[in-house]
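Q: In this note's numbering, the protein residues as written are 77 to 158.
All C-beta atoms, glycine included, are put in the ideal place defined by N, C-alpha and C.
#1: Among residues of its own chain, excluding the 5 on either side of residue 125, which ones have a beta-carbon nearer than 7 Å to its beta-carbon?
#2: Is residue 117 helix, strand or coil when you go by DSSP?
#3: What residues in its chain sit with their C-beta under 6 Å from that of residue 140, if we drop five residues either side in the sequence?
#4: Between residue 147 and residue 96, what straight-line distance do the alpha-carbon atoms span, to the nearest angstrom?
#5: Spatial neighbours of residue 123 within its chain, please: CB distance less than 8 Å, with the 5 preceding and 5 following residues excluded, ordered by chain position.
#6: Is residue 142 closer than 8 Å to residue 135 when the C-beta atoms are compared?
Here you go:
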């Protein structure tokens, strides 16, 4: 299931509006048991919700795996917050 936001607020900054709608969509997705990932992966835009999706334990596991295979931290540094 993919969604696209369409709309243009007349009395608001469009970027603020877009971020507000995006935030609501991610929150609803997680509350409904959905996943925030896209078929290309989570990506930088969704990374702030990644920890919420995985939970603290899942996120820490991912962080440990990343460190084990990328000891120098050169593979996509900072992506996904790991």
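A: Reading it off the structure:
#1: 102, 106, 112
#2: strand
#3: none
#4: 37 Å
#5: 155, 156, 157
#6: no
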